[in-house]
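Participant: Residue numbers (our numbering): 5 to 73. Below is a structure I'd like to ask you about.
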């Protein structure tokens, strides 16, 4: 029997909107006293000090969800 070929799956890089949405989800979990994995906590901590996070937060505060489209 011939083996069927499976095409490799390539994950697209996250957009800045997706990264900011992920940060907000992690922040909400923290506010609800949920634990983050070490990987999640390290990613969030690094992201929150970056320029992208601050710019996206400002846009979100100004324009709400439409800033994340």
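Glycine included, each C-beta is placed from N, C-alpha and C at the ideal position.
Excluding the 5 residues preceding and the 5 following residue 26 in the sequence, name in chain order all residues of the same chain whose CB lies nearer than 6 Å to its CB.
Facilitator: Along the chain shown, read from residue 1 onward, the residue named residue 26 stands at position 22. Excluding positions up to five away in sequence, the list is empty.
Participant: Which value, in whole angstroms, describes the spacing of the CA atoms of residue 37 and residue 15?
Facilitator: Residue mapping note: residue 37 aligns to position 33 of the chain shown, counting from 1. Residue mapping note: residue 15 aligns to position 11 of the chain shown, counting from 1. Straight-line Cα distance between these residues: approximately 31 Å.
Participant: Considering only their Cβ atoms, is the gap separating residue 23 from residue 51 smaller than 8 Å?
Facilitator: Counting from 1 along the chain shown, the entry for residue 51 is found at position 47. Counting from 1 along the chain shown, the entry for residue 23 is found at position 19. Their beta carbons are under 8 Å apart, which means residue 51 touches residue 23 by this criterion.
Participant: Are the CB atoms of residue 30 and residue 48 within a distance shorter than 8 Å?
Facilitator: Taking the first residue of the chain shown as position 1, residue 48 is located at position 44. Taking the first residue of the chain shown as position 1, residue 30 is located at position 26. Cβ distance < 8 Å, so residue 48 and residue 30 count as in contact.
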